[in-house]
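Trainee:
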Amino acid sequence: MLSCDSEKLQETLLDLQRTQERETQLRIENAAILEGVSAMAGANNKRQVFNSLLEVLRKFIAFDNAIVLTRDDEASDLQVLMSTVMALDLSHWQVGSTFNRCINGECIALYSPKDIEEFKNKSTDLLNICHSSLITGVKISSGDAMIILMSSEKGHFTSSCRRVLNRFRPLLERAIIDIDYRERLQSLVTARTQELIHSQQRFKDFARTVGDWFWEIDTDYKFSYISASQIANHLIDKDNILDFFDGNEDFKHKFRSQLQQNKSFEDLEWQLFIDEKEQWLSFSGTPYYNKHGLLLGYRGTVKNISVRKKRLFDLQQARQQAESANKAKSQFIAMMSHEIRTPLNAVLGLMDMLSSSGLKHEQQQWLGQMEQSAHLLLTIINDILDLSRIESGSFELFNSNISLSESISLVKNQLQPEANKKGILLECNISELIPEYIFADKNRIIQIMFNLIGNAIKFTDIGSVKIVAQKTDHNIEVSVFDTGIGIAEDAQDNLFNPFHQADGSITRKYGGTGLGLTISQLLIKKMNGEISLQSELGVGSCFKIIFPIRPAIAKIINPEKKISTPLTQSLNILLAEDSPTNQLVAKLMLERRGHSVTITNHGEEAVLKLLQCHKSFDLVLMDISMPVLDGLEATKHIRKLNISIPIVALTANAMQSDQFLYHQAGMDGFLAKPIQPEELDLLLEKYQSLKTIDNIISP
Numbered sequence: 004m005l006s007c008d009s010e011k012l013q014e015t016l017l018d019l020q021r022t023q024e025r026e027t028q029l030r031i032e033n034a035a036i037l038e039g040v041s042a043m044a045g046a047n048n049k050r051q052v053f054n055s056l057l058e059v060l061r062k063f064i065a066f067d068n069a070i071v072l073t074r075d076d077e078a079s080d081l082q083v084l085m086s087t088v089m090a091l092d093l094s095h096w097q098v099g100s101t102f103n104r105c106i107n108g109e110c111i112a113l114y115s116p117k118d119i120e121e122f123k124n125k126s127t128d129l130l131n132i133c134h135s136s137l138i139t140g141v142k143i144s145s146g147d148a149m150i151i152l153m154s155s156e157k158g159h160f161t162s163s164c165r166r167v168l169n170r171f172r173p174l175l176e177r178a179i180i181d182i183d184y185r186e187r188l189q190s191l192v193t194a195r196t197q198e199l200i201h202s203q204q205r206f207k208d209f210a211r212t213v214g215d216w217f218w219e220i221d222t223d224y225k226f227s228y229i230s231a232s233q234i235a236n237h238l239i240d241k242d243n244i245l246d247f248f249d250g251n252e253d254f255k256h257k258f259r260s261q262l263q264q265n266k267s268f269e270d271l272e273w274q275l276f277i278d279e280k281e282q283w284l285s286f287s288g289t290p291y292y293n294k295h296g297l298l299l300g301y302r303g304t305v306k307n308i309s310v311r312k313k314r315l316f317d318l319q320q321a322r323q324q325a326e327s328a329n330k331a332k333s334q335f336i337a338m339m340s341h342e343i344r345t346p347l348n349a350v351l352g353l354m355d356m357l358s359s360s361g362l363k364h365e366q367q368q369w370l371g372q373m374e375q376s377a378h379l380l381l382t383i384i385n386d387i388l389d390l391s392r393i394e395s396g397s398f399e400l401f402n403s404n405i406s407l408s409e410s411i412s413l414v415k416n417q418l419q420p421e422a423n424k425k426g427i428l429l430e431c432n433i434s435e436l437i438p439e440y441i442f443a444d445k446n447r448i449i450q451i452m453f454n455l456i457g458n459a460i461k462f463t464d465i466g467s468v469k470i471v472a473q474k475t476d477h478n479i480e481v482s483v484f485d486t487g488i489g490i491a492e493d494a495q496d497n498l499f500n501p502f503h504q505a506d507g508s509i510t511r512k513y514g515g516t517g518l519g520l521t522i523s524q525l526l527i528k529k530m531n532g533e534i535s536l537q538s539e540l541g542v543g544s545c546f547k548i549i550f551p552i553r554p555a556i557a558k559i560i561n562p563e564k565k566i567s568t569p570l571t572q573s574l575n576i577l578l579a580e581d582s583p584t585n586q587l588v589a590k591l592m593l594e595r596r597g598h599s600v601t602i603t604n605h606g607e608e609a610v611l612k613l614l615q616c617h618k619s620f621d622l623v624l625m626d627i628s629m630p631v632l633d634g635l636e637a638t639k640h641i642r643k644l645n646i647s648i649p650i651v652a653l654t655a656n657a658m659q660s661d662q663f664l665y666h667q668a669g670m671d672g673f674l675a676k677p678i679q680p681e682e683l684d685l686l687l688e689k690y691q692s693l694k695t696i697d698n699i700i701s702p
């Protein structure tokens, strides 16, 4: 009985001794943990924190090396945050089942790490220093973390080591958080410092290269900062920025007013003279405030804009000179057009009269060639005039409801004789999908078609010319195909430039100015369309124009064709013309058509003649450019006298803007010189019809 009690007493004493030893061990460990926390708190960098942690752990666990791994999210690999072996700093660690258990709070001792999944692909250097390891992990706010203690001895880490490491988990967590925080903070500080250095350097570079003067003043307008002591060779020796403008009170007042508004301002320009040289400075500024919204002053820049001002002045002068030159060119072209058209009117008129004077067949052929050359000269004049008007911007389209198919057919019919003469096929295919009527400028559509189809016939000797018109989406597409000489690829780019042709020999062989395609392109652009070319030398060409469909304003009903009867009414015409040759031509052309002509030499004679007997005349053909009194002023006088006789301008000034002036002056129509027989017949027919109607109303 006594021996049993003695044994129990011995066991109790042993348990008490073990408990006291554990308490002593815990006190030592707690003191070590506190010492470690204190050491980490006083550490200046993450390396010191890491070393402090390892110092505490080495007192209780023997190991050779250690490494701390972290990751930001569960999908990433672990990366080295700190290690005792520099060669391992850049290594990556994949997370397998063992590491997952550690991250979730377990403490695992590995007796043969190389057999574990996470260690299999590691370098030989690592496996040589890691024959056993002790691993545990923690979860921190920025992700997951692990610490691996390594030993070069196999089976080195015991269960006691695992217990100690578990005991030190709070210190471990604190250390890893501290290291991670310092790592991130250091990276952020480094990045921000680098950005600040770059920003400062950028500002210095800008300030050095832009040539601006930076200034800052307080609320009393006194300088608190100046980037340079002088600007534009002008020394800044004033304390107050307003004193800088002494001698220029107007600008000083303007500058003070800008500051007093407490608003940002830009490009306040100041002109000054330094050493008798003009200088221009441009001031910009803005108010600045403290964090409580209190105004502290103003800061801004000054730019020396003297060079820019001079360049602007030079540009303005160059523009004025260009405008003057362009105006002079337009005036010259208009004058030359008038001066060339006036004698050309006589040439064409007399040739027309001569053709009906009973000439021999051979003489008729000569006359035909002369007339063809004269018409070619007229075409060249019209092309140059058109190009000048389009380039100067004074050109406008005059749209109306037109039939595109009729316009294309008209051109085809007029050019058919040329195709027949060369023995080539001229065919036209117009899609029924194209609207019957569109809103466009008929004359310009016809002009473009004449240029494209005429060129195709001109440069085709064998084969055919085909016109295809079709509707594509909301556009009209017209293509002109030919089997002519074609155009080399290197010549196609410049083909639409004025006065340019694919080959200089073309001008000698085929004639022309090279303006037709240029004018066609400009006209198409005016219609918001485009023109393109596909061509192969020796095979043929295809010119294609595309322009948007503008619907007709109102539906056009084709009037029933009336059977016209020849007009036999003879007109009494008053002709106001200063050129004797043109008087002769016009008189012959009118009298040959059965009309009576009375001639006056200038506008004043025409006004006096109408004052005497205006009721005896049916029509006035009024030249514009005449001595004593020109056609416009004469027409205005006639209208002021309430004489309502029809007056038609007969002139070589053929611009659309000129026709508008004629209408404003009170004229009823326009007939261009040289007088074309077809146009003259249409004009006379109109006034013969009016006279017939008047005779029916008042017999």
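Residue numbers (this note's numbering): 4 to 702. The beta carbon of each residue, even a glycine, is placed where N, CA and C say it ideally should be. Keep in mind the model is a prediction, meaning the values are calculated, not measured.
#1: Give me the DSSP bridge partner(s) of Ala668.
#2: Give me the Cβ distance between Ile448 and Ser410, rounded to the nearest whole Å; I'm assuming they're in contact under 8 Å.
#3: Can you give the Cα-Cα distance for Ile534 and Leu413, rounded to whole angstroms?
#4: Can at least three beta-carbon pairs, one atom from the segment 61 to 75 and one from the segment 160 to 180, be found at a separation below 8 Å?
#5: Roughly how many whole angstroms lie between the Cα atoms of Val704 and Met85?
#6: Taking Cβ positions, are Gly303 and Trp218 nearer each other than 8 Å?
#7: Would you mind listing the alpha helix (DSSP H) stretches within the segment 612 to 645 that are 4+ residues and don't spill past its ends, in chain order?
#8: To the nearest whole angstrom, what separates the beta carbons of Leu113 and Ile106, a pair I think is in contact under 8 Å?
#9: State yes or no: is the C-beta of Ala586 within less than 8 Å of the C-beta of Leu578?
#10: Indicate whether Phe442 and Ile343 have their beta-carbon atoms separated by less than 8 Å.
#11: Can you name the start and end residues of the beta strand (DSSP E) that Ser162 belongs to?
#12: Would the segment 418 to 434 count as touching the segment 466 to 480 if we require 3 or more Cβ pairs under 8 Å?
#13: Measure the Cβ-Cβ separation of Met149 and Gly140 and say whether it is below 8 Å.
#14: Among residues of its own chain, excluding the 5 on either side of Ser136, which ones have a beta-carbon nearer than 6 Å to its beta-carbon?
#15: Quick check on the burial criterion: 16 or more other C-beta atoms within 10 angstroms. Buried or exposed for Ile179?
#16: Please go through the same chain and pick out, in chain order, the residues whose beta-carbon is closer than 7 Å to the beta-carbon of Lys444, but skip the five residues on each side of it.
#17: Phe217 by DSSP, collapsed to three states: which one?
#18: Exposed or buried, which one is Arg187 when buried takes at least 16 other CB atoms within 10 Å?
#19: May I ask you to list the residues that DSSP assigns as paired with Met149?
#20: Got a sec, what are the start and stop residues for the beta strand (DSSP E) Thr486 sits in?
#21: What do you reckon, are the CB atoms on Trp273 and Leu284 nearer than 8 Å?
#22: Where do the ends of the alpha helix (DSSP H) carrying Val414 lie?
#23: In the DSSP output, what is Phe226 paired with across the bridge?
#24: Going by DSSP, what residues sit across from Thr87 in a beta bridge?
#25: In terms of residues, what are the limits of the beta strand (DSSP E) holding Pro551?
#26: By how many angstroms is the C-alpha of Arg74 removed from the C-alpha of Asn131?
#27: Closer than 8 Å, CB to CB, is Thr196 near chain B or not?
#28: At the level of alpha carbons, what is the spacing between Ser406 and Tyr440?
#29: From the DSSP secondary-structure annotation, give me the bridge partner or partners of Gln82.
#30: Suppose the cutoff is 7 Å on Cβ atoms and the five residues either side in sequence are ignored; what does the same chain contact list for Asp581 look like?
#31: Would you identify the three-state DSSP class for Arg596, choosing helix, strand or coil?
#32: For the segment 451 to 471 against the segment 481 to 498, do three or more pairs of beta-carbon atoms, one drawn from each stretch, fall closer than 8 Å, so that the two count as touching?
#33: To the nearest angstrom, report how far apart Ser619 and Leu686 are at their CA atoms.
#34: Report the rounded CA-to-CA distance for His159 versus Gln203, giving the unit in angstroms.
#35: How is Asp105 classed by DSSP in three states: helix, strand or coil?
#36: Taking the CB atoms as reference points, tell me whether Val305 and Phe286 lie closer together than 8 Å.
Mentor: Concretely, from the data shown:
#1: None, per the DSSP bridge assignment.
#2: Indeed, because the Cβ distance is near 5 Å, the residues count as touching under 8 Å.
#3: About 21 Å.
#4: Segment contact: the segment 61 to 75 against the segment 160 to 180, three or more CB-CB distances shorter than 8 Å; contact assigned.
#5: Outside the displayed span of the chain (4 to 702) sits residue 704, for which this structure offers no information.
#6: Cβ distance < 8 Å, so Gly303 and Trp218 count as in contact.
#7: Qualifying alpha helix (DSSP H) stretches, in chain order: 634 to 643.
#8: That pair is no contact at about 15 Å.
#9: Checking the sequence, you will find Gln at residue 586 rather than Ala. With contacts defined as CB atoms closer than 8 Å, Gln586 and Leu578 qualify as a contacting pair.
#10: Not a contact, by the Cβ cut-off of 8 Å.
#11: Counting along the chain, Ser162 falls outside any beta strand (DSSP E), though it belongs to the alpha helix (DSSP H) covering Ser162 to Arg170.
#12: When Cβ pairs closer than 8 Å are counted between the two stretches, the segment 418 to 434 is seen to touch the segment 466 to 480, the count reaching three or more.
#13: The Cβ atoms of Met149 and Gly140 sit closer than 8 Å to each other.
#14: The beta carbon of Ser136 lies closer than 6 Å to those of Leu113, Pro116, Ile151 and Met153 in the same chain, with the five residues before and after it left out.
#15: Per the 10 Å Cβ criterion, buried.
#16: For the sequence presented, residue 444 should be read as Asp rather than Lys. Same-chain partners within the cutoff: Leu400, Phe401 and Asn402.
#17: Residue state, collapsed to three classes: strand.
#18: Taking all protein chains in view, the Cβ of Arg187 is surrounded by fewer than 16 other Cβ atoms within 10 Å, so the residue is classified as exposed.
#19: According to DSSP, Met149 bridges with Leu72 and Gly140.
#20: Boundaries cannot be given for Thr486, as no beta strand (DSSP E) includes it and DSSP labels it neither H nor E.
#21: Yes, the pair counts as a contact, with Cβ atoms nearer than the cut-off.
#22: Leu407 to Lys425 is the extent of the alpha helix (DSSP H) around Val414.
#23: Phe226 is bridged to Ile220.
#24: Paired residues: none, contrary to the question.
#25: First-last of the beta strand (DSSP E) with Pro551: Gly543 to Pro551.
#26: About 26 Å.
#27: Structure shown: chain B not included; a single protein chain is present.
#28: Approximately 5 Å, taken between the alpha carbons.
#29: Beta-bridge pairing links Gln82 to Thr73 and His95.
#30: Spatial neighbours of Asp581 in its own chain (CB-CB distance under 7 Å, excluding positions within 5 residues in sequence) are listed in chain order as Asn604, His605, Asp626, Met629 and Pro630.
#31: The three-state secondary structure of Arg596, taken from DSSP, is coil.
#32: Taking 8 Å as the limit for Cβ pairs, the verdict is that the segment 481 to 498 does touch the segment 451 to 471.
#33: Each residue's alpha carbon lies about 19 Å from the other.
#34: Distance between the alpha carbons of His159 and Gln203: 56 Å.
#35: Before going further, note that residue 105 is Cys rather than Asp in the sequence given. Cys105 falls in the helix class under three-state DSSP.
#36: The answer is yes: Cβ separation under 8 Å.
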